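Novice:
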Amino acid sequence: MDYYSVLGVGKDASADEIKKAYRELALKFHPDRNKDKSAEEKFKEINAAYAVLGDPDKKRQYDTLGSEQFGQRYSSEDIFRNTDFESMFKDMGIDINFGFPGFGDIFGFSGQRQRRGEVGRDVLYGLEITLEDAAKGTTKEIRIKHVKRCESCGGSGAERGYKVSVCGVCRGSGYVNIIRNSMLGRIQTVAQCENCGGAGKIPERKCRSCSGKGGVVAYDNAKVDIPHGITDGMRLRLSGLGDYGRDGTGDIYLEIHVAKHKIFERDGDDLLVSVGVPFYDAILGGEITVPTLDGNKKVTIEPGTQPNSRLVIRGSGIKTFRSNSSGDEIVTVKVEIPKSLSDSEKELIGRFKELKDGRGFKRKFGLI
14 MDYYSVLGVG KDASADEIKK AYRELALKFH PDRNKDKSAE EKFKEINAAY
64 AVLGDPDKKR QYDTLGSEQF GQRYSSEDIF RNTDFESMFK DMGIDINFGF
114 PGFGDIFGFS GQRQRRGEVG RDVLYGLEIT LEDAAKGTTK EIRIKHVKRC
164 ESCGGSGAER GYKVSVCGVC RGSGYVNIIR NSMLGRIQTV AQCENCGGAG
214 KIPERKCRSC SGKGGVVAYD NAKVDIPHGI TDGMRLRLSG LGDYGRDGTG
264 DIYLEIHVAK HKIFERDGDD LLVSVGVPFY DAILGGEITV PTLDGNKKVT
314 IEPGTQPNSR LVIRGSGIKT FRSNSSGDEI VTVKVEIPKS LSDSEKELIG
364 RFKELKDGRG FKRKFGLI
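To convert, take the position in the sequence shown, counting from 1, and add 13; that gives this note's numbering.
1) In this structure, does DSSP put I265 in helix, strand or coil?
2) In whole angstroms, what separates the C-alpha of K391 from that of S338?
3) Report back the beta-carbon spacing between V179 and G185 to the nearest angstrom; my notes put them in contact at under 8 angstroms.
4) Would you kindly work out how many angstroms separate the C-alpha atoms of D49 and Y63, rounded to a whole number?
5) Who pairs with P291 in a beta bridge, going by DSSP?
6) For the alpha helix (DSSP H) holding P69, just list the boundary residues, first then last.
7) Kindly indicate which three-state DSSP category Q319 falls into: helix, strand or coil?
8) Since K161 and Y75 should fall inside the 8 angstroms C-beta cutoff, what is the C-beta to C-beta distance between them, to a whole number of angstroms?
9) Closer than 6 angstroms by C-beta to Y232: which residues in its own chain qualify, once you throw out the five before and the five after it? Chain order, please.
10) If I follow the unbroken alpha helix (DSSP H) through Y16, where does it start and stop?
11) Counting C-beta neighbours from all protein chains within 10 Å, is the total for K366 16 or more, i.e. buried, or is it exposed?
12) Tell me, please, whether the region 205–213 touches the region 132–145 by the rule of three or more beta-carbon pairs shorter than 8 angstroms.
13) The alpha helix (DSSP H) with G363 in it runs from where to where?
14) Cutting at 7 angstroms between CB atoms, please list the residues of its own chain near R250, excluding the five before and the five after it.
15) With respect to the alpha helix (DSSP H) encompassing L66, which residues constitute its N-terminal and C-terminal limits?
16) Tell me whether A34 sits in a helix, a strand or coil according to DSSP, three-state version.
17) Could you tell me how far apart the beta carbons of P320 and K347 are, in whole angstroms, since I believe they sit closer than 8 angstroms?
18) From the DSSP secondary-structure annotation, give me the bridge partner or partners of R162.
19) Helix, strand or coil: which one does DSSP assign to L306?
20) If you draw a straight line from the C-alpha of L20 to the C-alpha of Y35, how long is it?
21) State the DSSP-derived secondary structure class of E145, mapped to helix, strand or coil.
22) State the Cα-Cα distance for the pair G289 and G340, rounded to the nearest angstrom.
23) Within its chain, find whatever has a CB closer than 7 angstroms to the CB of F83; leave out the 5 residues flanking it on each side and keep chain order.
24) Can you tell me which residues form a DSSP beta bridge with P216?
25) Quick check: the region 165–177 against the region 292–300, are at least 3 beta-carbon pairs closer than 8 angstroms?
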(Lines of atoms letter the chains of each structure in order from A and count residues from 1; the text may use other names and numbers.)
(Lines give C-alpha, C1' and ligand atoms only; values in the text may rest on other atoms or scores of the structure.)
Protein backbone atom coordinates (compact mmCIF):
# COMPACT_ATOMS: atom_id res chain seq x y z
CA MET A 1 0.00 0.00 0.00
CA ASP A 2 1.35 3.43 -0.95
CA TYR A 3 0.76 5.47 2.18
CA TYR A 4 1.64 8.73 0.43
CA SER A 5 -1.15 8.13 -2.09
CA VAL A 6 -3.58 7.19 0.70
CA LEU A 7 -3.07 10.61 2.33
CA GLY A 8 -2.73 12.39 -1.01
CA VAL A 9 0.67 13.93 -0.22
CA GLY A 10 4.06 13.83 -1.91
CA LYS A 11 7.17 12.15 -0.53
CA ASP A 12 8.62 15.57 0.28
CA ALA A 13 5.59 16.60 2.36
CA SER A 14 6.37 18.18 5.73
CA ALA A 15 5.14 16.76 9.04
CA ASP A 16 2.51 19.52 9.26
CA GLU A 17 1.26 18.78 5.73
CA ILE A 18 0.96 15.06 6.54
CA LYS A 19 -0.92 15.80 9.76
CA LYS A 20 -3.28 18.23 7.99
CA ALA A 21 -4.05 15.72 5.22
CA TYR A 22 -4.74 13.02 7.81
CA ARG A 23 -7.12 15.22 9.82
CA GLU A 24 -9.13 16.16 6.74
CA LEU A 25 -9.45 12.57 5.55
CA ALA A 26 -10.19 11.20 9.03
CA LEU A 27 -13.11 13.59 9.38
CA LYS A 28 -14.34 12.78 5.88
CA PHE A 29 -14.29 8.99 6.28
CA HIS A 30 -15.17 8.73 9.99
CA PRO A 31 -17.61 5.76 10.12
CA ASP A 32 -20.16 7.68 12.19
CA ARG A 33 -20.17 10.52 9.67
CA ASN A 34 -19.78 8.61 6.44
CA LYS A 35 -22.32 5.79 6.05
CA ASP A 36 -20.82 4.47 2.82
CA LYS A 37 -19.90 0.79 3.14
CA SER A 38 -16.34 1.50 1.99
CA ALA A 39 -15.76 4.27 4.56
CA GLU A 40 -14.70 1.90 7.34
CA GLU A 41 -11.99 0.27 5.20
CA LYS A 42 -10.84 3.63 3.93
CA PHE A 43 -10.65 4.92 7.49
CA LYS A 44 -8.40 2.00 8.45
CA GLU A 45 -6.08 2.77 5.52
CA ILE A 46 -5.89 6.44 6.49
CA ASN A 47 -4.99 5.58 10.09
CA ALA A 48 -2.30 3.13 8.98
CA ALA A 49 -0.83 5.72 6.61
CA TYR A 50 -0.63 8.35 9.34
CA ALA A 51 0.76 5.90 11.91
CA VAL A 52 3.72 5.36 9.58
CA LEU A 53 4.23 8.75 7.89
CA GLY A 54 3.49 10.69 11.06
CA ASP A 55 6.33 8.96 12.91
CA PRO A 56 9.85 10.01 11.77
CA ASP A 57 11.44 6.61 12.51
CA LYS A 58 8.68 4.58 10.83
CA LYS A 59 8.64 6.98 7.88
CA ARG A 60 12.39 6.59 7.44
CA GLN A 61 12.04 2.79 7.44
CA TYR A 62 9.13 2.98 4.99
CA ASP A 63 11.12 5.20 2.61
CA THR A 64 14.12 2.89 2.90
CA LEU A 65 12.34 -0.42 2.40
CA GLY A 66 9.55 0.61 0.09
CA SER A 67 5.87 -0.26 0.47
CA GLU A 68 6.10 -3.99 -0.25
CA GLN A 69 9.07 -4.86 1.97
CA PHE A 70 7.79 -2.63 4.78
CA GLY A 71 4.49 -4.52 4.76
CA GLN A 72 6.29 -7.84 4.90
CA ARG A 73 8.56 -6.80 7.75
CA TYR A 74 6.17 -4.90 10.02
CA SER A 75 2.86 -6.10 11.43
CA SER A 76 -0.18 -3.96 12.27
CA GLU A 77 0.92 -3.91 15.91
CA ASP A 78 4.32 -2.56 14.86
CA ILE A 79 2.72 0.10 12.69
CA PHE A 80 0.33 1.44 15.35
CA ARG A 81 2.66 1.12 18.33
CA ASN A 82 3.28 4.45 20.14
CA THR A 83 0.89 6.41 17.89
CA ASP A 84 -1.20 8.75 20.04
CA PHE A 85 -4.51 8.59 18.18
CA GLU A 86 -6.46 9.38 21.31
CA SER A 87 -5.13 12.95 21.43
CA MET A 88 -5.64 13.36 17.69
CA PHE A 89 -9.26 12.18 17.86
CA LYS A 90 -9.93 14.30 20.94
CA ASP A 91 -8.71 17.43 19.13
CA MET A 92 -11.04 16.64 16.23
CA GLY A 93 -14.01 15.85 18.47
CA ILE A 94 -14.17 12.23 17.26
CA ASP A 95 -15.50 9.37 19.39
CA ILE A 96 -12.70 6.84 19.58
CA ASN A 97 -15.00 3.81 19.86
CA PHE A 98 -16.75 4.30 16.50
CA GLY A 99 -19.23 1.61 17.47
CA PHE A 100 -16.63 -1.15 17.10
CA PRO A 101 -16.11 -3.82 19.76
CA GLY A 102 -12.42 -3.04 20.23
CA PHE A 103 -10.06 -0.17 19.58
CA GLY A 104 -7.81 -2.35 17.46
CA ASP A 105 -10.62 -3.12 15.01
CA ILE A 106 -10.57 0.36 13.50
CA PHE A 107 -6.97 -0.27 12.48
CA GLY A 108 -7.50 -3.71 11.02
CA PHE A 109 -6.13 -5.88 13.82
CA SER A 110 -7.60 -7.49 16.90
CA GLY A 111 -6.27 -7.59 20.42
CA GLN A 112 -5.12 -11.20 20.16
CA ARG A 113 -1.93 -11.74 18.19
CA GLN A 114 0.73 -14.37 18.07
CA ARG A 115 4.25 -13.20 18.63
CA ARG A 116 5.72 -11.77 15.49
CA GLY A 117 9.16 -12.86 14.42
CA GLU A 118 11.89 -10.84 16.10
CA VAL A 119 13.79 -9.75 13.01
CA GLY A 120 16.87 -7.57 13.39
CA ARG A 121 16.86 -3.88 12.49
CA ASP A 122 17.85 -2.63 9.04
CA VAL A 123 20.76 -0.18 8.97
CA LEU A 124 21.15 2.72 6.53
CA TYR A 125 24.60 3.93 5.49
CA GLY A 126 25.75 6.58 3.03
CA LEU A 127 28.68 6.18 0.62
CA GLU A 128 30.17 8.88 -1.62
CA ILE A 129 31.71 7.80 -4.91
CA THR A 130 33.24 9.62 -7.87
CA LEU A 131 31.53 10.16 -11.20
CA GLU A 132 34.11 7.83 -12.74
CA ASP A 133 33.10 5.08 -10.29
CA ALA A 134 29.43 5.64 -11.08
CA ALA A 135 30.11 5.50 -14.82
CA LYS A 136 32.19 2.34 -14.88
CA GLY A 137 31.34 0.54 -11.65
CA THR A 138 33.76 -0.34 -8.88
CA THR A 139 34.25 -2.30 -5.67
CA LYS A 140 34.45 -0.49 -2.34
CA GLU A 141 35.25 -1.68 1.15
CA ILE A 142 33.23 -0.08 3.91
CA ARG A 143 33.39 -0.20 7.68
CA ILE A 144 30.07 -1.14 9.25
CA LYS A 145 28.76 -1.03 12.80
CA HIS A 146 26.00 -3.52 13.51
CA VAL A 147 24.65 -5.94 16.08
CA LYS A 148 25.94 -9.50 15.66
CA ARG A 149 24.79 -12.66 17.33
CA CYS A 150 26.36 -13.12 20.74
CA GLU A 151 28.83 -15.98 20.56
CA SER A 152 28.67 -16.59 24.31
CA CYS A 153 24.97 -17.51 24.38
CA GLY A 154 24.40 -18.31 20.71
CA GLY A 155 21.83 -15.51 20.49
CA SER A 156 19.49 -16.93 23.14
CA GLY A 157 20.26 -14.22 25.70
CA ALA A 158 20.70 -16.80 28.45
CA GLU A 159 23.88 -17.51 30.36
CA ARG A 160 25.37 -20.83 29.38
CA GLY A 161 23.75 -23.66 31.35
CA TYR A 162 20.51 -21.75 31.96
CA LYS A 163 17.20 -22.13 30.16
CA VAL A 164 14.96 -19.68 28.36
CA SER A 165 11.38 -19.68 29.66
CA VAL A 166 8.12 -18.40 28.22
CA CYS A 167 7.28 -14.92 29.50
CA GLY A 168 4.66 -15.19 32.25
CA VAL A 169 3.17 -11.77 31.49
CA CYS A 170 2.37 -12.10 27.78
CA ARG A 171 2.48 -15.93 27.74
CA GLY A 172 4.86 -15.96 24.81
CA SER A 173 2.96 -13.62 22.49
CA GLY A 174 5.28 -10.67 23.01
CA TYR A 175 2.26 -8.34 23.33
CA VAL A 176 -0.19 -7.39 26.05
CA ASN A 177 -3.70 -5.92 25.93
CA ILE A 178 -4.16 -2.63 27.72
CA ILE A 179 -7.75 -1.69 28.56
CA ARG A 180 -8.57 1.65 30.15
CA ASN A 181 -11.48 3.98 30.49
CA SER A 182 -11.33 7.57 29.36
CA MET A 183 -13.70 10.42 28.70
CA LEU A 184 -13.94 9.02 25.17
CA GLY A 185 -15.04 5.61 26.30
CA ARG A 186 -13.45 2.21 26.84
CA ILE A 187 -10.15 1.95 24.99
CA GLN A 188 -8.34 -1.29 24.19
CA THR A 189 -4.84 -1.17 22.76
CA VAL A 190 -2.13 -3.70 22.04
CA ALA A 191 1.38 -2.91 23.25
CA GLN A 192 4.73 -4.65 23.33
CA CYS A 193 5.30 -6.59 26.51
CA GLU A 194 7.73 -4.64 28.68
CA ASN A 195 8.67 -7.72 30.70
CA CYS A 196 10.25 -9.57 27.76
CA GLY A 197 10.72 -6.69 25.32
CA GLY A 198 8.43 -8.37 22.80
CA ALA A 199 10.53 -11.54 22.59
CA GLY A 200 7.95 -13.71 24.33
CA LYS A 201 10.71 -15.44 26.27
CA ILE A 202 12.87 -14.63 29.27
CA PRO A 203 16.24 -16.19 30.14
CA GLU A 204 16.55 -17.65 33.65
CA ARG A 205 19.83 -15.79 33.90
CA LYS A 206 20.89 -13.15 31.41
CA CYS A 207 24.06 -13.68 29.41
CA ARG A 208 26.84 -11.52 30.83
CA SER A 209 28.29 -10.76 27.39
CA CYS A 210 25.12 -9.34 25.80
CA SER A 211 23.04 -8.55 28.92
CA GLY A 212 20.33 -10.92 27.71
CA LYS A 213 19.83 -9.17 24.36
CA GLY A 214 21.24 -12.03 22.28
CA GLY A 215 23.40 -9.67 20.23
CA VAL A 216 26.49 -7.50 20.69
CA VAL A 217 27.74 -4.43 18.84
CA ALA A 218 30.53 -5.24 16.39
CA TYR A 219 32.56 -3.56 13.66
CA ASP A 220 33.27 -5.33 10.40
CA ASN A 221 34.56 -4.64 6.91
CA ALA A 222 32.32 -5.40 3.95
CA LYS A 223 33.06 -5.32 0.23
CA VAL A 224 30.40 -3.71 -1.94
CA ASP A 225 30.11 -4.04 -5.70
CA ILE A 226 28.94 -0.71 -7.13
CA PRO A 227 27.27 -1.36 -10.52
CA HIS A 228 28.00 0.89 -13.47
CA GLY A 229 25.39 3.52 -14.25
CA ILE A 230 24.27 3.96 -10.64
CA THR A 231 22.75 7.35 -9.92
CA ASP A 232 22.83 9.69 -6.96
CA GLY A 233 20.40 8.61 -4.23
CA MET A 234 20.14 4.96 -5.33
CA ARG A 235 20.26 2.40 -2.53
CA LEU A 236 22.01 -0.95 -2.60
CA ARG A 237 20.82 -3.73 -0.33
CA LEU A 238 23.40 -5.80 1.53
CA SER A 239 21.36 -8.76 2.72
CA GLY A 240 21.98 -10.14 6.19
CA LEU A 241 24.49 -7.49 7.25
CA GLY A 242 22.11 -5.47 9.41
CA ASP A 243 21.39 -6.04 13.09
CA TYR A 244 20.95 -9.52 14.52
CA GLY A 245 17.51 -10.73 15.58
CA ARG A 246 16.49 -14.10 17.01
CA ASP A 247 14.20 -14.68 14.00
CA GLY A 248 16.39 -13.22 11.30
CA THR A 249 19.08 -10.65 10.64
CA GLY A 250 18.26 -7.28 9.12
CA ASP A 251 19.87 -5.77 6.04
CA ILE A 252 22.12 -2.84 5.30
CA TYR A 253 20.91 -0.26 2.81
CA LEU A 254 23.73 1.70 1.25
CA GLU A 255 22.66 5.06 -0.17
CA ILE A 256 24.97 6.21 -2.93
CA HIS A 257 26.01 9.83 -3.29
CA VAL A 258 27.87 10.74 -6.50
CA ALA A 259 30.32 13.58 -5.88
CA LYS A 260 30.18 16.64 -8.09
CA HIS A 261 32.81 16.52 -10.87
CA LYS A 262 35.06 19.49 -11.56
CA ILE A 263 34.69 19.13 -15.37
CA PHE A 264 31.66 17.03 -16.26
CA GLU A 265 27.97 17.32 -15.52
CA ARG A 266 25.65 14.36 -15.76
CA ASP A 267 22.35 14.27 -17.62
CA GLY A 268 20.97 10.76 -17.30
CA ASP A 269 23.57 8.60 -19.03
CA ASP A 270 24.99 11.52 -21.01
CA LEU A 271 27.99 13.59 -19.98
CA LEU A 272 28.04 17.33 -20.57
CA VAL A 273 31.28 19.27 -20.90
CA SER A 274 32.27 22.72 -22.14
CA VAL A 275 35.50 23.17 -24.10
CA GLY A 276 37.20 26.47 -24.89
CA VAL A 277 38.21 26.90 -28.55
CA PRO A 278 40.39 29.77 -29.88
CA PHE A 279 38.42 32.01 -32.22
CA TYR A 280 40.74 31.27 -35.13
CA ASP A 281 40.14 27.49 -34.79
CA ALA A 282 36.41 28.16 -34.72
CA ILE A 283 36.78 30.17 -37.92
CA LEU A 284 39.19 27.87 -39.76
CA GLY A 285 38.16 24.52 -38.31
CA GLY A 286 40.53 21.75 -37.26
CA GLU A 287 41.21 19.44 -34.34
CA ILE A 288 40.49 20.30 -30.73
CA THR A 289 41.26 18.35 -27.54
CA VAL A 290 38.24 17.18 -25.58
CA PRO A 291 38.41 15.54 -22.10
CA THR A 292 36.56 12.22 -21.67
CA LEU A 293 36.36 9.73 -18.82
CA ASP A 294 38.98 7.68 -20.68
CA GLY A 295 41.39 10.56 -21.18
CA ASN A 296 41.74 13.32 -23.77
CA LYS A 297 40.40 12.76 -27.27
CA LYS A 298 40.96 14.63 -30.56
CA VAL A 299 37.75 15.87 -32.18
CA THR A 300 37.42 17.70 -35.52
CA ILE A 301 35.35 20.86 -35.73
CA GLU A 302 34.05 22.34 -38.96
CA PRO A 303 35.16 25.77 -40.30
CA GLY A 304 32.82 28.50 -39.09
CA THR A 305 31.85 26.73 -35.85
CA GLN A 306 29.62 29.09 -33.90
CA PRO A 307 29.75 29.85 -30.15
CA ASN A 308 27.78 27.33 -28.04
CA SER A 309 27.67 24.83 -30.89
CA ARG A 310 27.30 21.26 -29.68
CA LEU A 311 29.32 18.24 -30.70
CA VAL A 312 28.28 14.70 -29.82
CA ILE A 313 30.76 11.91 -29.11
CA ARG A 314 28.72 8.73 -29.36
CA GLY A 315 29.16 6.14 -26.62
CA SER A 316 31.53 8.24 -24.51
CA GLY A 317 29.01 8.86 -21.77
CA ILE A 318 28.02 6.69 -18.81
CA LYS A 319 27.36 3.00 -19.17
CA THR A 320 23.64 2.42 -18.63
CA PHE A 321 22.59 0.78 -15.36
CA ARG A 322 22.13 -2.99 -15.84
CA SER A 323 22.79 -2.68 -19.57
CA ASN A 324 25.73 -2.81 -21.96
CA SER A 325 24.73 0.37 -23.79
CA SER A 326 26.26 3.76 -23.02
CA GLY A 327 25.23 7.38 -23.16
CA ASP A 328 26.98 10.07 -25.18
CA GLU A 329 29.30 12.93 -24.37
CA ILE A 330 27.90 16.28 -25.44
CA VAL A 331 30.54 18.97 -25.97
CA THR A 332 29.56 22.64 -25.92
CA VAL A 333 32.02 24.86 -27.84
CA LYS A 334 32.96 28.04 -26.02
CA VAL A 335 34.72 30.35 -28.49
CA GLU A 336 37.53 32.21 -26.72
CA ILE A 337 38.02 35.88 -27.56
CA PRO A 338 41.41 37.25 -26.45
CA LYS A 339 41.23 40.16 -24.02
CA SER A 340 44.53 41.67 -25.18
CA LEU A 341 46.38 41.67 -28.53
CA SER A 342 49.86 42.62 -29.66
CA ASP A 343 50.29 45.34 -32.27
CA SER A 344 50.98 42.78 -35.01
CA GLU A 345 47.88 40.78 -34.03
CA LYS A 346 45.78 43.92 -34.11
CA GLU A 347 47.14 44.76 -37.57
CA LEU A 348 46.31 41.28 -38.89
CA ILE A 349 42.78 41.40 -37.54
CA GLY A 350 42.39 44.93 -38.91
CA ARG A 351 43.41 43.72 -42.36
CA PHE A 352 40.94 40.86 -42.08
CA LYS A 353 38.20 43.34 -41.19
CA GLU A 354 39.08 45.48 -44.19
CA LEU A 355 38.86 42.47 -46.46
CA LYS A 356 35.45 41.56 -45.07
CA ASP A 357 33.93 45.03 -45.51
CA GLY A 358 35.57 45.62 -48.92
CA ARG A 359 37.90 48.48 -47.92
CA GLY A 360 40.96 46.55 -48.92
CA PHE A 361 39.62 46.19 -52.48
CA LYS A 362 38.76 49.89 -52.67
CA ARG A 363 42.20 50.99 -51.36
CA LYS A 364 43.98 48.71 -53.87
CA PHE A 365 42.30 50.42 -56.82
CA GLY A 366 42.49 53.96 -55.38
CA LEU A 367 38.80 54.26 -54.74
CA ILE A 368 39.36 55.70 -51.25
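Virtual Cβ for every residue (Gly too), placed ideally from N, Cα, C.
Source: prediction; values computed, not measured.
Specialist: So, from the data block:
1) Counting from one through the sequence shown, the residue named residue 265 turns up at place 252. The DSSP-derived three-state label of I265 is strand.
2) With the chain running from 14 to 381 in the structure shown, residue 391 is simply not present.
3) Start at 1 with the first residue of the sequence shown, and residue 179 comes out as number 166. Start at 1 with the first residue of the sequence shown, and residue 185 comes out as number 172. 4 angstroms between Cβ atoms; contact.
4) Residue numbering aside, residue 49 sits at position 36 when the sequence shown is read from its first letter. Residue numbering aside, residue 63 sits at position 50 when the sequence shown is read from its first letter. Computed Cα separation, rounded: 22 angstroms.
5) Along the sequence shown, read from residue 1 onward, the residue named residue 291 stands at position 278. Beta-bridge partners of P291 (DSSP): E349.
6) As a first step, residue 69 must be located in the sequence shown, where it is residue number 56. Unbroken alpha helix (DSSP H) run through P69: P69 to L78.
7) Taking the sequence shown and counting its residues from 1, the one referred to as residue 319 is at position 306. In this structure, Q319 counts as coil in the three-state DSSP scheme.
8) The sequence position of residue 161 within the sequence shown is 148, counting from 1. The sequence position of residue 75 within the sequence shown is 62, counting from 1. Rounded, the Cβ-Cβ distance is 26 angstroms, inconsistent with contact.
9) One-based indexing of the sequence shown puts residue 232 at position 219. The answer, listed in chain order, is K158.
10) As a first step, residue 16 is located in the sequence shown; it is residue number 3 there, counting from the start. Per DSSP, Y16 belongs to the alpha helix (DSSP H) from Y16 to L20.
11) As a first step, residue 366 is located in the sequence shown; it is residue number 353 there, counting from the start. With fewer than 16 Cβ atoms within 10 Å of its Cβ, K366 is classed as exposed.
12) Look at the beta carbons and you see the region 205–213 not touching the region 132–145: under three pairs across the two are nearer than 8 angstroms.
13) Taking the first residue of the sequence shown as 1, we reach residue 363 at position 350. For G363, the enclosing alpha helix (DSSP H) covers residues D356 to D370.
14) Taking the sequence shown and counting its residues from 1, one reaches residue 250 at position 237. So the qualifying residues of the chain are D264 and Y266.
15) To locate residue 66, count along the sequence shown from 1; it is residue 53. Counting along the chain, the unbroken alpha helix (DSSP H) around L66 starts and ends at A52 to L66.
16) By 1-based counting over the sequence shown, the position of residue 34 is 21. A34 falls in the helix class under three-state DSSP.
17) Position 307 of the sequence shown, counted from the start, is the residue given in the question as residue 320. Position 334 of the sequence shown, counted from the start, is the residue given in the question as residue 347. Rounded to the nearest angstrom, the Cβ distance from P320 to K347 is 7 angstroms, consistent with a contact under 8 angstroms.
18) Your numbering for residue 162 matches position 149 in the sequence shown. DSSP lists G228 as partners of R162.
19) Residue numbering aside, residue 306 sits at position 293 when the sequence shown is read from its first letter. It is coil, neither helix nor strand.
20) Translated into the one-based positions of the sequence shown, residue 20 becomes position 7. Translated into the one-based positions of the sequence shown, residue 35 becomes position 22. Their Cα atoms are separated by approximately 6 angstroms.
21) In the sequence shown, the residue the question calls residue 145 occupies position 132. Looking at E145 - three-state DSSP - the assignment turns out to be helix.
22) Stepping through the sequence shown from its first residue, residue 289 is reached at position 276. Stepping through the sequence shown from its first residue, residue 340 is reached at position 327. Inter-residue distance for G289 and G340 is about 23 angstroms (C-alpha atoms, whole angstroms).
23) Locating residue 83 in the sequence shown gives position 70, where the first residue counts as 1. For F83, the CB contacts under 7 angstroms within the same chain, skipping 5 residues up- and downstream, are Q74 and Y75 in chain order.
24) Working through the sequence shown from its first residue, we reach residue 216 at position 203. V177.
25) These segments do not touch.
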